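Visitor:
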Amino acid sequence: MNFSSSDDGQADILLVAAYDAHSPQAKLEIFVSLSFREKELLYEEMAQLESNGIPLSEASRMLAKASGGSTRKWLKSLRRALEAEDSSGDALQRVAAGSLDGGVLAATARSGQLDTGFRYLSQYYGMLHGLRREVISNVAYPVFLLHFAVLLLGLPAAVAGGGVSGYIATVVTALGWLYGLGALVVITVVVIKKMAESSSVVDAFVMAVPLVGKVRAAMART
Numbered sequence: 001m002n003f004s005s006s007d008d009g010q011a012d013i014l015l016v017a018a019y020d021a022h023s024p025q026a027k028l029e030i031f032v033s034l035s036f037r038e039k040e041l042l043y044e045e046m047a048q049l050e051s052n053g054i055p056l057s058e059a060s061r062m063l064a065k066a067s068g069g070s071t072r073k074w075l076k077s078l079r080r081a082l083e084a085e086d087s088s089g090d091a092l093q094r095v096a097a098g099s100l101d102g103g104v105l106a107a108t109a110r111s112g113q114l115d116t117g118f119r120y121l122s123q124y125y126g127m128l129h130g131l132r133r134e135v136i137s138n139v140a141y142p143v144f145l146l147h148f149a150v151l152l153l154g155l156p157a158a159v160a161g162g163g164v165s166g167y168i169a170t171v172v173t174a175l176g177w178l179y180g181l182g183a184l185v186v187i188t189v190v191v192i193k194k195m196a197e198s199s200s201v202v203d204a205f206v207m208a209v210p211l212v213g214k215v216r217a218a219m220a221r222t
């Protein structure tokens, strides 16, 4: 079992450990960032062990031995939290403070369905991992073509007598406009996303956009 990942970015949610190894009650904030893929694999393994009746503290110890990097740090933080908290629900909520993970795991632990919580989160982050890869694969080639076109755009200026300096100036100016437009698109998407959360009309418009609507629909089903 190896939870390392090299083809995925870091998840937006930070998992927080709040305990010192020598003094469990003393707070020591350690931020552990796991990728979507790492979370998918970790939570799936935790779900299987929980289903087999293995205590959470023992499961975290076993998985820590078989993993490395950020995953191992998170599992060690979980073990320290389990030693300090009265229940597994409180420990999980503390370690995953302020995230979707903490709420789901704490609620399912208290209802005796922790394996369901782990499995739900594994599927959720697996979906996010797949969507991210799909988006990257869909935009990578167009982005390459845009940059290649910008490089070609500067050639007439160089041929016309501008030389290297004229070519560089043309390329830098074009890239500036391109990146500015990209930033505007990102800001617009963020604003529309916020509006869609509170307006059914805007949400319906977003759902009608091919790729964006697919992502939105997938998120809504989780």
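Position one of the sequence shown corresponds to residue 1 (my numbering), numbered consecutively onward. Beta carbons are placed, not taken as given, at the ideal position from N, Cα and C, and that holds for glycine. In this text, all values refer to a predicted model and were calculated from it rather than measured experimentally.
Taking only three categories from DSSP, how would you classify residue 33?
Guide: Numbered from its first residue, the sequence shown carries residue 33 at position 33. Three-state DSSP puts residue 33 in a strand.
Visitor: Going by beta-carbon coordinates alone, are residue 60 and residue 79 separated by less than 9 Å?
Guide: Position 60 of the sequence shown, counting from 1, holds the residue named residue 60. Position 79 of the sequence shown, counting from 1, holds the residue named residue 79. Against a cut-off of 9 Å, the Cβ pair of residue 79 and residue 60 comes out as a contact.
Visitor: What beta strand (DSSP E) runs, 3 residues minimum, are completely inside the region 55-94?
Guide: Those beta strand (DSSP E) runs which fall completely within the region 55-94 and span 3+ residues do not exist here.
Visitor: Enumerate in chain order the residues of its own chain whose CB-to-CB distance from residue 171 is below 8 Å, with the five nearest sequence positions on each side excluded.
Guide: Taking the first residue of the sequence shown as position 1, residue 171 is located at position 171. Correct list, in chain order: 150, 151, 153, 154.
Visitor: Starting from the C-beta of residue 56, find all residues in its chain whose C-beta is less than 6 Å away, skip the five residues before and the five after it, and write them out in chain order.
Guide: Stepping through the sequence shown from its first residue, residue 56 is reached at position 56. Correct list, in chain order: 88.
Visitor: Quick check: what's the CA-CA separation for residue 75 versus residue 141?
Guide: For the purposes of this step, residue 75 is taken as the residue at position 75 of the sequence shown. For the purposes of this step, residue 141 is taken as the residue at position 141 of the sequence shown. When rounded, the distance between both Cα atoms is 38 Å.
Visitor: Identify whether residue 113 lies in helix, strand or coil by the three-state DSSP scheme.
Guide: As a position in the sequence shown, residue 113 is number 113, starting the count at 1. Residue 113 falls in the coil class under three-state DSSP.
Visitor: Nearest CA to the CA of residue 139: which residue from 65, 182, 205?
Guide: Taking the first residue of the sequence shown as position 1, residue 139 is located at position 139. That would be 182, whose Cα lies nearest to the Cα of residue 139.
Visitor: Near residue 185, what residues of its chain come up, given a Cβ to Cβ distance below 7 Å and the 5 sequence neighbours on each side ignored?
Guide: Taking the first residue of the sequence shown as 1, we reach residue 185 at position 185. Cβ within range, chain order: n/a, list empty.
Visitor: Taking only the alpha-carbon atoms, compute the straight-line gap between residue 99 and residue 66 and give it to the nearest angstrom.
Guide: Along the sequence shown, one-based indexing puts residue 99 at 99. Along the sequence shown, one-based indexing puts residue 66 at 66. Each residue's Cα considered, the two are about 25 Å apart.
Visitor: Out of 70, 45, 68, 69, state which residue places its alpha-carbon closest to the alpha-carbon of residue 58.
Guide: Along the sequence shown, read from residue 1 onward, the residue named residue 58 stands at position 58. Comparing Cα-Cα distances from residue 58 to each of 70, 45, 68, 69, the minimum goes to 45.
Visitor: Use the C-beta contact count for residue 39: other C-beta atoms within 10 angstroms, 16 or more gives buried, fewer gives exposed.
Guide: Here residue 39 is taken as the residue at index 39 of the sequence shown, counted from 1. Buried is the call here.
Visitor: How would you call residue 188, buried or exposed, if buried means at least 16 neighbouring beta carbons within 10 angstroms?
Guide: Numbered from 1 along the sequence shown, position 188 holds the residue referred to as residue 188. Exposed is the call here.
Visitor: Return the CA-CA distance between residue 120 and residue 51, expressed in angstroms with no decimal places.
Guide: For the purposes of this step, residue 120 is taken as residue 120 along the sequence shown, with counting starting at 1. For the purposes of this step, residue 51 is taken as residue 51 along the sequence shown, with counting starting at 1. C-alpha separation (whole angstroms): 13 Å.
Visitor: Going by alpha carbons, who is nearest to residue 123 out of 47, 205, 204, 201?
Guide: Locating residue 123 in the sequence shown gives position 123, where the first residue counts as 1. Answer by Cα proximity: 47.
Visitor: Let me check understanding here. Comparing Cα to Cα, which of 111, 73, 112, 113 lies closest to residue 96?
Guide: Sequence index remark: in the sequence shown, residue 96 carries index 96 (1-based). Ranking 111, 73, 112, 113 by Cα distance to residue 96 puts 73 first.
Visitor: Helix, strand or coil for residue 53? Go by DSSP, reduced to three states.
Guide: What you label residue 53 is simply residue 53 of the sequence shown in a count that begins at 1. Correct three-state label for residue 53: coil.
Visitor: Identify whether residue 103 lies in helix, strand or coil by the three-state DSSP scheme.
Guide: Within the sequence shown, numbered from 1, the residue matching residue 103 stands at position 103. Helix, per DSSP.
Visitor: Does chain D have any CB closer than 9 Å to the CB of residue 77?
Guide: Checking the listed chains, one finds no chain D in this structure; it contains a single protein chain.
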